[in-house]
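Protein chains: 2
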Amino acid sequence: MKYNNAPIGIFDSGLGGLTVFKEVRKILPDEDLIYYLDTARVPYGNKSKETVLRYSTEISKFLISKGVKIVVAACNTSSSLALDDLRKGETIPIFGVIEPGAKKAVEVSSGGNIAVIGTSATIKSRAYSRVIYEEINALKRSGEYKFKSNFKVIEKACPLLVPFVEEGFLNEEITKKVINYYLNPVVDEKPSCLVFGCTHYPILKDLILEAIGRDIQIIDSGIETAKIVKCFLEENDMLKDEAKNGSELFFVSDDLEKFKELGEKFLGRKIENVNIVNQFL
Amino acid sequence: MKYNNAPIGIFDSGLGGLTVFKEVRKILPDEDLIYYLDTARVPYGNKSKETVLRYSTEISKFLISKGVKIVVAACNTSSSLALDDLRKGETIPIFGVIEPGAKKAVEVSSGGNIAVIGTSATIKSRAYSRVIYEEINALKRSGEYKFKSNFKVIEKACPLLVPFVEEGFLNEEITKKVINYYLNPVVDEKPSCLVFGCTHYPILKDLILEAIGRDIQIIDSGIETAKIVKCFLEENDMLKDEAKNGSELFFVSDDLEKFKELGEKFLGRKIENVNIVNQFL
Chain F
1 MKYNNAPIGI FDSGLGGLTV FKEVRKILPD EDLIYYLDTA RVPYGNKSKE
51 TVLRYSTEIS KFLISKGVKI VVAACNTSSS LALDDLRKGE TIPIFGVIEP
101 GAKKAVEVSS GGNIAVIGTS ATIKSRAYSR VIYEEINALK RSGEYKFKSN
151 FKVIEKACPL LVPFVEEGFL NEEITKKVIN YYLNPVVDEK PSCLVFGCTH
201 YPILKDLILE AIGRDIQIID SGIETAKIVK CFLEENDMLK DEAKNGSELF
251 FVSDDLEKFK ELGEKFLGRK IENVNIVNQF L
Chain X
1001 MKYNNAPIGI FDSGLGGLTV FKEVRKILPD EDLIYYLDTA RVPYGNKSKE
1051 TVLRYSTEIS KFLISKGVKI VVAACNTSSS LALDDLRKGE TIPIFGVIEP
1101 GAKKAVEVSS GGNIAVIGTS ATIKSRAYSR VIYEEINALK RSGEYKFKSN
1151 FKVIEKACPL LVPFVEEGFL NEEITKKVIN YYLNPVVDEK PSCLVFGCTH
1201 YPILKDLILE AIGRDIQIID SGIETAKIVK CFLEENDMLK DEAKNGSELF
1251 FVSDDLEKFK ELGEKFLGRK IENVNIVNQF L
């Protein structure tokens, strides 16, 4: 069976995943996309592994029931707590946002310290440092890693940044203060790069750069994930056959109008085809 | 059927309801209490009426299935969006936290401006001002209202205060700044009293008093609700028969250990009998 013309399924707890959606749309303009936001249960970042896994499983199965060819967990908390279990027993590929971001960090850091910021759950899971060390060990084994090994991975939880974004505090003095509060100890460690380990953070990119210094390379897991998805579809001959603009279909678990309003502001364009779904809530 | 020795059911989305639980325990030491926290779906304050009503209905029915004699919605968002519907079709009394707080505000304000702070959903519902005006109109009709009527009800949403409390930012410089950000426009209206329209806010009482001025009377809906519950049980001969210390039973929908840790810090004592329940999640 050929899946080429099936849609790509993407999900997140809230609006953050739109940063991944946007990047996928940018580099795969022909693909049909289905995006699910779990706005009735947002946020995931302060919840347990069991709960995040239950929610993520329900949504993956929902997307698969809609005939998607791959699923992208566009949520760092889901990717760090639930991805391995989600992949078990599924026949279609499931992508997370941790591996692409972590691998890019190794690529650009040249042996320097790597900083990662994320929600409490993502940081507590240590998923980024695990993948970073696995990647470096793999490169060492194949003789491709040429740098010193005494670098540090600095993982810092910034739990208030998601509420600041969701409440629309995007350029306030108070937002700068919270960012400085979290990032000042990170700056002291002189990182060579900073991984956005939460899909909400690209929305605060300018303020974060101001706090951490404009010479630090930012790694946006959304951009890296979109590239890996494109590469996978190309290599496996799964790109859409028809070269016509891809369709978009949205599902939210709460308040359709609020999503449209914030989502349109965020994407800078109209959002059509939004449906509310609460079959498993 | 006499319900005297049945427990009292209390619920909230998160830890905030413990401020109500604490006040009920203080003035009704013999009563058995069952407290449900919906930590798997917290917060409610940014969700739609339909979703908050669905969650509140599930939890009320769960508490009723445990044999409680009354239910207290110790959550301002639930009380403002769902209480009327929750009461429909139920045979046991269901209390919210809005009416007690609003009535106390009318009592102490002496015709001055009344300020109310709460989550986005509570403030958007205008539940407090509706009850305040209803109460004043009732007092006017019975000739008991002696003050001028040109006072204002100032309702101010402070959506970031719940995340600040839930993340344990209780006495930081940054918390003061956020409180000032929200309250400075309220101070300008010279209110005679300030209603805590969210069960989380008593935890920030000192910082809030610092921002709004120590001569303003604070109304804690939790304290007022506990008084009304006691009064109702006395008037209806529903107080517990036996004068022995009341038992306590907790249910959470997510992460038992996290609740125990934060809840014990909050109550200043050990919490026993915590169960995890996710039958309707």
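Line by line, the protein sequences give chains F and X. Take the first sequence: its letters are residues 1 to 281, numbered as in our numbering. Take the second sequence: its letters are residues 1001 to 1281, numbered as in our numbering. A virtual CB, placed ideally from N, CA and C, is assigned to each residue, including glycine. A quick note: this is a predicted structure, and the numbers were derived from the prediction, not measured.
{"Query": "Between which two residues does the alpha helix (DSSP H) harbouring L86/F extend?", "Result": "N76 to R87"}
{"Query": "What are the residues in the segment 1024-1048 of chain X lying within 9 angstroms of chain F by C-beta distance?", "Result": "T1039, A1040, R1041, V1042, P1043, N1046, K1047 and S1048"}
{"Query": "DSSP three-state label for Y1182/X, please.", "Result": "helix"}
{"Query": "Under 8 angstroms between beta-carbons, which chain F residues line up against Y1201/X? List them in chain order, please.", "Result": "Per Cβ cutoff of 8 angstroms: no residues; Y1201/X is ~16 angstroms from chain F at best."}
{"Query": "Rounded C-beta distance between S13/F and C75/F? I'm assuming under 8 angstroms.", "Result": "6 angstroms"}
{"Query": "I1203/X and P1100/X - do their beta-carbons sit closer together than 8 angstroms?", "Result": "no"}
{"Query": "Residues of the segment 1174-1187 of chain X in Cβ contact with chain F at a cutoff of 7 angstroms, in chain order, please.", "Result": "I1174, K1177, V1178 and Y1181"}
{"Query": "Counting only C-beta atoms, is D1254/X closer than 8 angstroms to chain F at any point?", "Result": "yes"}
{"Query": "Is it right to say T91/F is buried, meaning 16 or more other beta carbons lie within 10 angstroms of its own, or is it exposed?", "Result": "exposed"}
{"Query": "Which parts of the segment 1108-1138 of chain X are runs of the beta strand (DSSP E), unbroken and 3 residues or longer, counting only runs that do not cross its ends?", "Result": "1114-1118"}
{"Query": "Among C1193/X, G1112/X, K1265/X and T1225/X, which has the Cα closest to the Cα of I1216/X?", "Result": "C1193/X"}
{"Query": "Residues of chain F with CB under 8 angstroms from T1122/X, in chain order?", "Result": "Those do not exist, as T1122/X stays about 15 angstroms from chain F at its closest Cβ, beyond 8 angstroms."}
{"Query": "Using a cut-off of 7 angstroms between C-beta atoms, extract the partners of P163/F located in chain X.", "Result": "L1160 and P1163"}
{"Query": "Can a CB atom of chain F be found closer than 8 angstroms to the CB of E1261/X?", "Result": "no"}
{"Query": "Could you pull the DSSP bridge partners for L1194/X from this structure?", "Result": "A1115/X and I1218/X"}
{"Query": "Can you say whether N46/F is buried or exposed, counting buried as having 16 or more other CB atoms within 10 angstroms of its CB?", "Result": "buried"}
{"Query": "Should P1159/X go down as buried or exposed, given a rule of 16 or more other Cβ atoms within 10 Å for buried?", "Result": "buried"}
{"Query": "How close, in whole Å, do the beta carbons of A1020/X and G1222/X come, if the pair is a contact with beta carbons under 8 angstroms?", "Result": "The question names Ala, but residue 1020/X in the sequence shown is Val. Contact holds; Cβ gap of about 4 angstroms."}
{"Query": "For G9/F, report the span of its beta strand (DSSP E) as first-last.", "Result": "I8 to D12"}
{"Query": "Could you check which residue in E1264/X, N1278/X, S1247/X and V1274/X has the C-alpha nearest to that of R1025/X?", "Result": "S1247/X"}
{"Query": "8 angstroms is my cut-off, CB to CB: does T1051/X come that close to chain A?", "Result": "The structure shown contains no chain A; its protein chains are F and X."}
{"Query": "Is there at least one Cβ from chain F nearer than 8 angstroms to E1166/X's Cβ?", "Result": "yes"}
{"Query": "With DSSP as the reference, identify every bridge partner of Y36/F, one or two as the case may be.", "Result": "F11/F and F251/F"}
{"Query": "Going by beta carbon distance, what residues of the same chain come within less than 7 angstroms of L63/F, once the five residues before and after it are set aside?", "Result": "G9, F11, I34, Y36 and V71"}
{"Query": "Look at C1198/X and G1067/X and say whether their C-beta atoms are less than 8 angstroms apart.", "Result": "no"}
{"Query": "Just checking my contact of K112/F with F151/F at CB under 8 angstroms: how many whole Å lie between their CB atoms?", "Result": "In the sequence as displayed, the identity of residue 112/F is Gly instead of Lys. That pair is a contact at about 6 angstroms."}
{"Query": "Take L1183/X as the anchor and find which of L1209/X, F1259/X and S1079/X has the nearest alpha-carbon.", "Result": "L1209/X"}
{"Query": "Where K1260/X and V1274/X are concerned, what is the direct C-alpha to C-alpha distance, given to the nearest angstrom?", "Result": "8 angstroms"}
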